[in-house]
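>
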Amino acid sequence: MSNRWQAVLKTAAFLKPYKSSMGFSLLALFLTAGITLSIGQGIRLLVDRGFATQSPELLAQYVLIFLMLVVLLAIGTFTRYYWVTWLGERVIADIRRKVFAHLIDLHPGFFETNRSLEIQSRLTADMTLLQSVVGSSISVALRNLIMLIGGVILLFITNVKLTIIVMLSIPLVIIPILLFGRRVRLLSRQSQDKVATVGAYVGEMLGQIKTVQAYNHQAVDKIHFNQYVEDAFLIARQRTLQRAWLIAVVIVLVFGAIGVMLWIGGMDVIEDKISGGELAAFIFYSIIVGSAAGSVSEVLGDLQRAAGAAERTMELLEEPCQIYSPANPCQLPVVTGNIVFQQICFAYPSRPEIQVINDFSLTVRLGETLALVGLSGAGKSTLFDLLLRFYDIQSGSIKLEGIDIRDLDLSDLRRSFALVSQNPALFHGSIEQNLRYAHPNATNAEIEAATKAAFIHDFILSLPQGYQTNLGDTGLGLSGGQKQRLAIARAILVDAPILLLDEATSALDSQSESWVQQAITRLSADRTTLVIAHRLSTVVTADRIALIHHGHLEALGTHAELMKSSDLYARLAMSRFQTSG
Ligand SMILES: Nc1ncnc2c1ncn2[C@@H]1O[C@H](COP(=O)(O)OP(=O)(O)OP(=O)(O)O)[C@@H](O)[C@H]1O
1 MSNRWQAVLK TAAFLKPYKS SMGFSLLALF LTAGITLSIG QGIRLLVDRG FATQSPELLA
61 QYVLIFLMLV VLLAIGTFTR YYWVTWLGER VIADIRRKVF AHLIDLHPGF FETNRSLEIQ
121 SRLTADMTLL QSVVGSSISV ALRNLIMLIG GVILLFITNV KLTIIVMLSI PLVIIPILLF
181 GRRVRLLSRQ SQDKVATVGA YVGEMLGQIK TVQAYNHQAV DKIHFNQYVE DAFLIARQRT
241 LQRAWLIAVV IVLVFGAIGV MLWIGGMDVI EDKISGGELA AFIFYSIIVG SAAGSVSEVL
301 GDLQRAAGAA ERTMELLEEP CQIYSPANPC QLPVVTGNIV FQQICFAYPS RPEIQVINDF
361 SLTVRLGETL ALVGLSGAGK STLFDLLLRF YDIQSGSIKL EGIDIRDLDL SDLRRSFALV
421 SQNPALFHGS IEQNLRYAHP NATNAEIEAA TKAAFIHDFI LSLPQGYQTN LGDTGLGLSG
481 GQKQRLAIAR AILVDAPILL LDEATSALDS QSESWVQQAI TRLSADRTTL VIAHRLSTVV
541 TADRIALIHH GHLEALGTHA ELMKSSDLYA RLAMSRFQTS G
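All residue numbers for the sequence shown refer to full-length UniProt numbering, where the first residue is 1 and numbers rise by one.
1. Once you ignore the five residues that flank L179 on each side, which residues in its own chain have a CB closer than 8 Å to its CB?
2. Cβ of C330 within 7 Å of Cβ of D407?
3. Pull up the distance between the alpha-carbon of V335 and that of P497, whole angstroms please.
4. Do R143 and L29 come within 7 Å of each other at the CB atom, strictly closer than that value?
5. Tell me whether T538 counts as near ligand 1, meaning its Cβ is closer than 6 Å to at least one heavy atom of that ligand.
6. Sort out for me which residues DSSP pairs K399 with in a bridge.
7. Over the uninterrupted alpha helix (DSSP H) stretch that includes D359, give me the two end residues.
8. What residue from R436, L400 and Y348 has the CA that sits closest to G377's CA?
9. What is the rounded straight-line gap between the Cα of G581 and the Cα of Q518?
10. Regarding R351 and ligand 1, is the C-beta to nearest heavy atom distance less than 6 Å?
11. So who's on the other strand from A555, going by DSSP bridges?
12. Apply the 10 Å Cβ neighbour rule to K273 and answer buried if 16 or more other Cβ atoms are within range, or exposed otherwise.
13. Below 7 Å between beta carbons: does that hold for F255 and G40?
14. Look up I274 in the DSSP assignment and say whether it is helix, strand or coil.
15. Classify D502 as helix, strand or coil using the three-state DSSP reduction.
16. Can you check DSSP and say which residues form a bridge with F417?
17. Between which residues of its own chain and I548 is the CB-CB distance below 8 Å, once the five residues before and five after are set aside?
18. In angstroms, rounded to a whole number, what distance separates the CA positions of V340 and L15?
19. Taking the alpha helix (DSSP H) that I170 belongs to, which residues open and close that run?
20. Which term fits W5, buried or exposed, when burial requires 16 or more other beta carbons within 10 angstroms of its beta carbon?
21. Please confirm whether H559 and V539 have their CB atoms less than 7 Å apart.
22. DSSP three-state label for L463, please.
23. Less than 7 Å between the C-beta atoms of A310 and V8, yes or no?
24. If distances are taken between C-alpha atoms only, which option among A52, I258 and V134 comes closest to W83?
25. Is L73 close to chain B? Criterion is C-beta to C-beta, closer than 7 Å.
26. Does the segment 58–69 come close enough to the segment 90–101 to have 3 or more Cβ pairs within less than 8 Å?
27. Is the closest heavy atom of ligand 1 to the C-beta of V356 under 6 Å?
28. Give me the residue from L103, Y18, S2 and S537 with the minimum Cα distance to E318.
29. Taking Cβ to Cβ, would you say L253 is nearer than 7 Å to V166?
30. By Cβ distance, which residues of its chain are closer than 6 Å to K399, with the 5 residues on each side in sequence left out?
31. Using 8 Å as the cut-off, can you tell me whether the segment 88–95 makes contact with the segment 42–49, which would need three or more C-beta pairs spanning the two stretches below that distance?
32. What does the Cβ neighbour count give for V356, buried or exposed, with the cut at 16 atoms within 10 Å?
33. Cβ of A546 within 6 Å of any heavy atom in ligand 1?
34. Taking only the alpha-carbon atoms, compute the straight-line gap between S275 and T32 and give it to the nearest angstrom.
35. When you compare only the Cα positions, how much space is there between D302 and M127?
36. How far does the beta strand (DSSP E) with V133 in it extend, from its first residue to its last?
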C-alpha cells in the first residue's frame with residue numbers, strides 16, 4: 001500500500017473514539033438519501049392520483065404525505081449536517097493537538113532543516129483541507145453515491161425505455177462538465193497558492209518593517225507586492241471565466257437533456273404509454289442521478305488532495321524525536337552546580353563535516369562564576385545548547401553532579417538551569433504573565449522581590465498599566481536593556497541552581513548597563529554561573545575565565561593570569577571586550 005493511503009488510514013483512526021457520532025451521521029445519511037429518493041414517488045402519486053383523479057381529498061392526502069416527508073428530510077438533514085461537521089471539527093482539533101504536542105517536544109535540530117513557516121502552513125492549510133473532507137466531502141460523496149445507486153434503480157423501475165436513453169446520454173452531459181470542472185479546480189488551487197504568497201509577503205515585510213523603512217525599500221516592495229497581487233488577480237479572473245462558462249454549459253446541457261426527455265416522455269404520455277406522474281418522477285430521478293454523478297466526481301478530486309494533506313500531517317506526527325529522556329532515568333541528587341565536560345566532540349547535524357566542539361574538557365567549580373570567552377563562532381553558545389541537551393554530543397560526556405546528562409530525565413536536567421539569552425525571548429502577553437512563565441505559582445511578593453533585584457520594578461510601575469502592560473510579540477515595546485532585566489527577573493524567580501547567561505553584545509547606555517550588571521551580580525551571587533562574556537567588567541569580576549578557540553579549551557584562569565599566559569586572550573581583551581559600564 002502506498003504511503004499516501006497508509007496515511008489516510010492513520011488519519012481515519014482518529015475517528016475511532018467517536019463511534020456513536022459516526023453511527024448518528026451514517027443513519028441520518030441513509031435516512032435523508034432515502035427520503036429524497038422517495039420524494040420522486042410522492043411526486044408521481046401527487047400527479048397521477050391527486051391531479052388526475054380531480055379529487056380534493058386525495059390531493060390533500062398526498063400533499064400531507066409530501067409535507068411529512070419534507071419534515072423528516074429536514075430533521076435528517078439537520079442531524080447529518082450537525083454530526084458530520086462535528087466529527088470533522090472534533091477530529092481536526094484532536095489531530096492539531098497531537099501534532100502540536102509532538103512538535104513542541106521535538107529536538108530543535110528538526111526545525112533547522114524544516115522551516116517553521118512551512119510547518120505553520122501545514123498546520124493551517126492542510127488541516128483546513130482535512131477538516132473540509134472529514135467534515136463534509138466524505139458525507140457528500142457517500143450521500144451522492146447512495147442517491148446515484150438508488151436513483152438508477154428507481155429510474156429502471158419507473159421506465160426502462162427512458163432510462164436506457166438517459167444512460168446513453170449521461171456521458172454526453174457529464175464529460176464536458178467534468179472537463180470544465182477539472183480546469184476550474186486546477187485554477188482554484190493556483191489561485192489559493194497565489195493568495196498564500198501574497199499573505200506570506202505581507203507577513204515578512206510587516207515583521208521586518210523597521211529594516212524595510214530604514215533602507216527606503218518601500219517602493220521596491222510595493223512593486224513586488226503589486227506583482228503578486230496582480231498575479232493572484234489574473235488567476236482569479238481566469239478561474240471565474242471558466243466557472244462562468246461551466247455554469248452556462250451546465251444550464252444548456254442539463255436543461256437541454258431535460259427538454260429531450262420531456263419531448264420523448266411527453267409523446268409517450270400523449271400516446272398513453274406512461275402516466276404524467278411517471279414522467280414527472282422520471283425527470284426528478286434523472287436530475288438526482290445527474291447531479292449525484294457530478295458531485296461524486298467533483299468530491300473525488302477533494303479526496304485526493306486530502307490524502308496528500310493526510311500524508312504530510314502524518315509525516316510530521318511520526319517524525320522521531322531524537323532527544324528524549326531515558327526509559328529508566330537516574331535520580332538527580334540536589335544540584336549544586338558540579339558540571340564536568342569530558343573530551344566532548346560535537347558537529348551540528350545540519351553540518352556534520354564541521355567539528356564545532358573539538359575534544360573539549362572543563363570542570364566547573366561549585367558556586368563559581370565562569371566566563372566563557374572566545375572569538376565569534378568559537379562554540380560558546382553551542383556549549384549551552386549541549387548542556388541543555390538541545391543536541392547530543394557525538395563523543396565524550398557531560399556530567400551533572402557526577403551523572404551523564406543523557407541518563408537524566410530531560411525535565412529534571414533542564415530544571416537545574418536558568419537561561420538568560422542574548423535576545424531574551426518574551427512572549428505575547430502581560431509583563432506578569434511573562435514573569436510567571438517558568439513559575440506560574442509565584443506569589444506577588446516573590447515577583448516583586450525578583451523585579452526589584454533585577455532593577456526593573458520601578459520601570460514596570462511607571463507604565464500606565466504596570467504589571468498588566470501587554471507586550472507585543474517577542475517583547476515589542478521594551479528596550480534591549482529592559483528586556484534583559486525582565487529576563488533576569490524571570491531567571492531569579494525560577495531560582496534554578498545553575499545560571500546560564502549569554503551577555504548581550506549590543507551596547508547598552510551606561511545607566512542601563514550598570515543596572516543589568518548589578519542585577520547579574522545579585523543573580524549569580526549564590527549559584528554556579530556560566531556566562532558568555534562580552535564585557536571587560538564581566539571577565540574581570542569572574543572567578544575564572546575559559547578561553548575557547550575553535551571548539552577547544554585554549555586557556556583557563558583569571559583575567560590577570562590569562563593576560564600574561566595567553567597571547568590570544570590578551571589580543572581579545574584589547575580589541576573585543578566592550579569597556580562600557
Ligand atoms: N544550528 C546550527 N547548525 C549548524 N551550525 C551551527 C549552528 N549553530 C551554530 N553553528 C556553527 O557553530 C559554530 C559555533 O557557533 P556558536 O554559536 O556556538 O559560536 P559562539 O562562540 O557562541 O559565537 P558568538 O560569540 O558569535 O555568538 C559557528 O561556526 C556556527 O556557524
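Note that the Cβ used here is the ideal one computed from N, Cα and C, for glycine as well.
On the basis of the supplied data:
1. Walking along the sequence shown from the start, residue 179 turns up at place 179. Taking L179 as the centre and dropping the five residues before and after it, the same chain places no C-beta closer than 8 Å to its C-beta.
2. If you number the sequence shown from 1, residue 330 lands on position 330. If you number the sequence shown from 1, residue 407 lands on position 407. Yes, these two residues count as a Cβ contact at 7 Å.
3. Here residue 335 is taken as the residue at index 335 of the sequence shown, counted from 1. Here residue 497 is taken as the residue at index 497 of the sequence shown, counted from 1. For the pair V335 and P497, the Cα-to-Cα distance works out to about 6 Å.
4. Along the sequence shown, one-based indexing puts residue 29 at 29. Along the sequence shown, one-based indexing puts residue 143 at 143. In terms of Cβ geometry, L29 and R143 form a close pair [threshold 7 Å].
5. For the purposes of this step, residue 538 is identified with residue 538 of the sequence shown, where counting begins at 1. No.
6. Within the sequence shown, the letter at position 399 stands for residue 399. K399 is bridged to V340 and D404.
7. Here residue 359 refers to the residue found at position 359 when the sequence shown is read from its first residue. Careful: D359 lies outside any alpha helix (DSSP H), inside the beta strand (DSSP E) at I357 to V364.
8. Walking along the sequence shown from the start, residue 377 turns up at place 377. The option with the nearest alpha carbon to G377 is Y348.
9. Reading the sequence shown from its first residue, position 581 is the one you call residue 581. Reading the sequence shown from its first residue, position 518 is the one you call residue 518. Residue placement at G581 cannot be trusted, given a pLDDT of 39 that sits under 50; what the coordinates show is reported in the next sentence. Each residue's CA atom was taken as its position, placing G581 and Q518 some 10 Å apart.
10. Reading the sequence shown from its first residue, position 351 is the one you call residue 351. Under cutoff, so the answer is yes.
11. Counting from 1 along the sequence shown, the entry for residue 555 is found at position 555. Answer by DSSP bridge pairing, in chain order: L547.
12. One-based indexing of the sequence shown puts residue 273 at position 273. Exposure of K273 is indicated by the presence of fewer than 16 other C-beta atoms within 10 angstroms of its C-beta.
13. The residue labelled residue 255 in the question sits at position 255 within the sequence shown. The residue labelled residue 40 in the question sits at position 40 within the sequence shown. Their beta carbons are not under 7 Å apart, which means F255 does not touch G40 by this criterion.
14. Translated into the one-based positions of the sequence shown, residue 274 becomes position 274. The DSSP-derived three-state label of I274 is coil.
15. Translated into the one-based positions of the sequence shown, residue 502 becomes position 502. Three-state result, D502: strand.
16. Translated into positions along the sequence shown, residue 417 becomes position 417. As a beta-bridge residue in DSSP terms, F417 pairs with I498.
17. Taking the first residue of the sequence shown as 1, we reach residue 548 at position 548. Listed in chain order, the non-local C-beta contacts of I548 below 8 Å within the same chain comprise F360, L372, V373, G374, A378, G379, K380, L383 and E554, local neighbours out to five positions each way being set aside.
18. Translated into positions along the sequence shown, residue 340 becomes position 340. Translated into positions along the sequence shown, residue 15 becomes position 15. Those two C-alpha atoms are separated by around 50 Å.
19. The residue you call residue 170 lines up with position 170 of the sequence shown. That run of the alpha helix (DSSP H) goes V160 to G207.
20. For the purposes of this step, residue 5 is identified with residue 5 of the sequence shown, where counting begins at 1. The residue in question, W5, is exposed, as its Cβ has fewer than 16 Cβ neighbours within 10 Å.
21. Mapped onto the sequence shown, residue 559 falls at position 559. Mapped onto the sequence shown, residue 539 falls at position 539. H559 is a Cβ neighbour of V539, given a cutoff of 7 Å.
22. Start at 1 with the first residue of the sequence shown, and residue 463 comes out as number 463. In this structure, L463 counts as coil in the three-state DSSP scheme.
23. Here the question's residue 310 lines up with position 310 in the sequence shown. Here the question's residue 8 lines up with position 8 in the sequence shown. Closer than 7 Å, so yes.
24. Position 83 of the sequence shown, counting from 1, holds the residue named residue 83. If we check each option's Cα against that of W83, V134 comes out closest.
25. No chain B is part of this structure, which consists of one protein chain only.
26. The segment 58–69 makes no contact with the segment 90–101; the number of CB pairs closer than 8 Å stays below 3.
27. Within the sequence shown, the letter at position 356 stands for residue 356. Correct: V356 has its Cβ closer than 6 Å to ligand 1.
28. Indexing the sequence shown from 1 puts residue 318 at position 318. Checking every option, the nearest Cα to that of E318 belongs to L103.
29. Looking up residue 253 in the sequence shown gives position 253. Looking up residue 166 in the sequence shown gives position 166. Result no, Cβ atoms of L253 and V166 do not sit closer than 7 Å.
30. Translated into the one-based positions of the sequence shown, residue 399 becomes position 399. Shown here for K399: same chain residues with a beta carbon closer than 6 Å to its own, the five before and five after excluded, namely V340 in chain order.
31. Segments in contact, no.
32. As a working mapping, residue 356 is identified with position 356 in the sequence shown. The Cβ neighbour count for V356, taken over all protein chains shown within 10 Å, is at least 16; the residue is labelled buried.
33. In the sequence shown, residue 546 corresponds to position 546, counting from 1. In this structure, A546 has its beta carbon at no less than 6 Å from each heavy atom of ligand 1.
34. As a first step, residue 275 must be located in the sequence shown, where it is residue number 275. As a first step, residue 32 must be located in the sequence shown, where it is residue number 32. Straight-line Cα distance between these residues: approximately 27 Å.
35. Position 302 of the sequence shown holds residue 302. Position 127 of the sequence shown holds residue 127. Going by the C-alpha atoms only, they are around 13 Å apart.
36. Taking the first residue of the sequence shown as 1, we reach residue 133 at position 133. No beta strand (DSSP E) holds V133; DSSP gives it neither H nor E.
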